[in-house]
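Peer 1: Under UniProt numbering, the first residue of the sequence shown is numbered 1, with each subsequent residue one higher. I'd like to ask some things about the structure below.
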Amino acid sequence: MFGVKMRDSLSNKLNTLEGSRNLNLQEISDNINENIEKEQAKQKDQYDANQVPATKYAVGDLVKISRNNFDKVQSFCQSLWVHEVLGNNRYKITDVPGFSRKGKLYTTVIAVDRIRPWIHIKTLELYKSDVNTASENTE
């Protein structure tokens with residue numbers, strides 16, 4: 001390129017193009033920017049196609065959080081409730097009032113990917129009513 005003779009024919013094409021045409025640097029820069037924008041849009045579409053929206057929790061929802069142990073297996077423990085919704089899929093969670101395991105109240109900010117919903121009492125009531133109606137139908 002610059003004072004060095006290239007050995008292969010593909011690398012030498014740069015020198016022949018430079019000498020044969022007078023290229024405008026502004027046009028080259030514009031073409032590069034257009035190509036970058038096209039590729040970024042394409043990559044964003046591919047990324048968004050595989051994403052699943054995060055679960056939304058409201059203040060007062062019962063949740064459980066994951067704790068990673070030494071075996072790198074996620075175990076969900078400790079029933080908590082959502083104290084505040086902070087945005088960006090972050091929640092401030094605390095112990096359920098009256099059920100703290102230690103002397104002081106546990107409070108932390110945690111991302112939604114480490115939270116799972118706890119079993120709700122209404123769900124249990126629906127399950128019991130379904131079981132009752134199923135037993136009545138069998139009799």
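Quick reminder that beta carbons are idealized off the backbone N, C-alpha and C, glycines included.
Let me know the secondary structure DSSP gives L80 once reduced to three states.
Peer 2: strand
Peer 1: Should A58 and V82 be called a contact, given that it needs their Cβ atoms to be closer than 8 Å?
Peer 2: Yes, these two residues count as a Cβ contact at 8 Å.
Peer 1: Just verifying my parser: in three-state terms, what is the DSSP assignment at V109?
Peer 2: Annotated three-state conformation of V109 is strand, per DSSP.
Peer 1: I'd like to know if the stretch 90-97 and the stretch 33-50 are in contact, where contact means that at least 3 CB-CB pairs between them fall below 8 Å.
Peer 2: no
Peer 1: By how many angstroms is the C-alpha of N33 removed from the C-alpha of T108?
Peer 2: 44 Å
Peer 1: With DSSP run on the structure shown, which of helix, strand or coil describes D30?
Peer 2: helix
Peer 1: Cutting at 8 Å between CB atoms, please list the residues of its own chain near G60, excluding the five before and the five after it.
Peer 2: W81, V82
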